[in-house]
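A.B. asks: The opening residue of the sequence shown carries number 4 in this note's numbering; numbering runs sequentially from there.
Beta carbons: idealized from backbone N, C-alpha and C, even for Gly.
The structure's right below; bear with me while I get my questions together.
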Amino acid sequence: MRKIILKILVLVFLLSSCVEETEIILQGDLDERLVVDVKLTNDTTYQIAILSKTIQYYTEEQTPRAVGATVKIISGSGEVFLFEEIEPGIYQTTEKVYGEIGESYLLQIDYDGKKHEASSEIRRSPVVDSIAFRWEPFMESFRVLYFGMEPAGKGDNYLYHIYKNGVLMTDSLKNITFTNDDFIDGIYIFGFEVDAWFNKFNLQQGDTVTLEVHSIPKDAYAYILEIFFETGGAGPMGGSGKTPRGNISNDAFGLFYGASIVRTTRVIE
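Laid out in structure tokens, this is it:
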């Protein structure tokens with residue numbers, strides 16, 4: 004049985020233009036498949052799409068990029084965002100654009116004679132009143148505490164990113180805290196520690212810390228959880244053997260999703 008390796012260029016943490024390559028081994032005689040990573044945010048910026056392909060497991064080749072594709076995003080109101088290829092497999096909107104909270108979006112990709120689609124939305128943002136810090140003697144570092152109101156009504160899902168002096172600390176899936184509102188729906192979040200206890204961010208007095216809260220759709224949250232478990236993020240309890248497929252049509256892998264982002268910055272005193 005031939006093994007195929009799925010290398011997902013995870014864009015779930017895109018704001019810093021940081022891309023994490025994650026390997027998932029697929030069993031079986033699979034044809035080469037398109038792997039899609041596209042994220043649309045409410046920030047006014049050049050939105051990015053990364054298109055790659057699955058490769059055979061026993062190979063020293065780098066992840067092949069999908070070149071020559073046509074990529075666009077269409078809003079529910081008919082606005083069209085066109086992408087152009089700026090590097091092999093790396094596509095960027097032709098101008099700075101932003102997604103609107105409450106709007107739905109359709110991704111369309113034409114590649115190698117196939118059409119692929121996925122839909123998503125940009126959900127509401129939580130309230131971030133402030134952040135505070137708590138000294139952790141064991142880690143010899145400050146921890147980041149989040150204060151703010153979680154919107155009433157279940158169905159919200161969040162990723163938390165931390166920047167230290169302008170540098171992204173949560174640049175890998177294993178370093179990111181993510182949660183849904185199953186147990187916090189509609190309540191005031193008082194001092195939630197958004198950096199996992201095992202992270203070594205070495206936050207000290209004088210450091211400037213920025214917290215970003217990304218509100219994402221349910222299917223994106225579920226996909227990230229699948230990647231987390233299948234790549235060992237859950238430790239010995241992880242790994243179900245199920246391949247995270249995502250929401251891309253026509254036998255492609257990967258994810259297209261919208262995210263609303265709020266951020267706040269404070270200096271550790």
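With a threshold of 8 Å, are at least 3 pairs of Cβ atoms found where one atom belongs to the segment 45-55 and the other to the segment 90-107?
C.D. replies: They touch, by the three-pair rule.
A.B. asks: Does the separation of the CB atoms of V83 and I251 fall below 7 Å?
C.D. replies: No, these two residues do not count as a Cβ contact at 7 Å.
A.B. asks: When DSSP labels each residue in this structure, what does E229 get in the three-state scheme?
C.D. replies: Residue state, collapsed to three classes: helix.
A.B. asks: Below 8 Å, how does it come out for the segment 174-185 and the segment 143-162: are there three or more Cβ pairs, yes or no?
C.D. replies: Because the criterion of three Cβ pairs below 8 Å is met, the segment 174-185 and the segment 143-162 touch.
A.B. asks: Leaving aside the five residues before and after P91 along the sequence, list all residues of the same chain whose C-beta is less than 7 Å from its C-beta, in chain order.
C.D. replies: Same-chain partners within the cutoff: R68, V70.
A.B. asks: Nearest to Q208 by alpha carbon, out of L110, H119, W138?
C.D. replies: Comparing Cα-Cα distances from Q208 to each of L110, H119, W138, the minimum goes to W138.
A.B. asks: Please report how far the alpha carbon of L171 lies from the alpha carbon of F232, in whole angstroms.
C.D. replies: The alpha-carbon atoms of L171 and F232 are separated by roughly 23 Å.
A.B. asks: Checking 7 Å against the spacing of the C-beta atoms, do D132 and F145 come in under that value?
C.D. replies: No, these two residues do not count as a Cβ contact at 7 Å.
A.B. asks: How would you write the range of the beta strand (DSSP E) that K118 sits in, first residue to last?
C.D. replies: It spans 117-124 - the beta strand (DSSP E) in which K118 sits, taken as one unbroken run.
A.B. asks: Just to check my reading of the structure: A255 and R36 have Cβ atoms closer than 8 Å, yes? What is that Cβ distance to the nearest angstrom?
C.D. replies: The pair is a contact, with the Cβ atoms about 6 Å apart (cut-off 8 Å).
A.B. asks: Only counting the same chain, and skipping five residues up and downstream in sequence, which positions put a Cβ closer than 6 Å to that of G257?
C.D. replies: These residues qualify, in order along the chain: V38, V39, D40, G249, I251.
A.B. asks: Please work out which residues of its chain come closer than 6 Å, Cβ to Cβ, to D188, disregarding the five sequence neighbours upstream and downstream, and give them in chain order.
C.D. replies: Result list for D188: K157, in chain order.
A.B. asks: In angstroms with no decimal places, state the Cα-to-Cα distance between E87 and V74.
C.D. replies: Looking at the two C-alpha atoms, the distance is approximately 8 Å.
A.B. asks: Can Q43 and Y94 be called in contact, C-beta distance under 7 Å?
C.D. replies: A small correction: the amino acid at residue 43 is Leu; Gln does not occupy that position in the sequence shown. No, these two residues do not count as a Cβ contact at 7 Å.
A.B. asks: For F259, which residues of its own chain have a beta-carbon under 7 Å away from its beta-carbon, when the five flanking residues on both sides are left out?
C.D. replies: Taken in chain order, the residues that qualify are V39, V41, L110, A121, S123, N250, I251.
A.B. asks: On the criterion of 16 or more Cβ atoms from any shown chain inside 10 Å, does G241 qualify as buried, or is it exposed?
C.D. replies: With a pLDDT of 48 at G241, under the threshold of 50, the modelled position of this residue cannot be trusted; read the value that follows with caution. When all chains shown are included, G241 counts as exposed.
A.B. asks: Apply the 10 Å Cβ neighbour rule to Y61 and answer buried if 16 or more other Cβ atoms are within range, or exposed otherwise.
C.D. replies: Because Y61 carries a pLDDT of 48, less than 50, the predicted location of this residue cannot be relied on, and the following value inherits that uncertainty. Y61 comes out exposed.
A.B. asks: How many angstroms separate the CA atom of E272 from the CA atom of I165?
C.D. replies: Their backbone Cα atoms lie some 17 Å apart in a straight line.
A.B. asks: Give the straight-line distance between the Cα atoms of E196 and L148, rounded to the nearest whole angstrom.
C.D. replies: Cα to Cα, the separation comes out at about 5 Å.
A.B. asks: Who does M152 pair with in a DSSP beta bridge?
C.D. replies: Its beta-bridge partners are Y191.
A.B. asks: Can you tell me which of S175, V130, D185, E229 puts its alpha carbon nearest to the alpha carbon of F193?
C.D. replies: The shortest C-alpha separation from F193 is found at V130.
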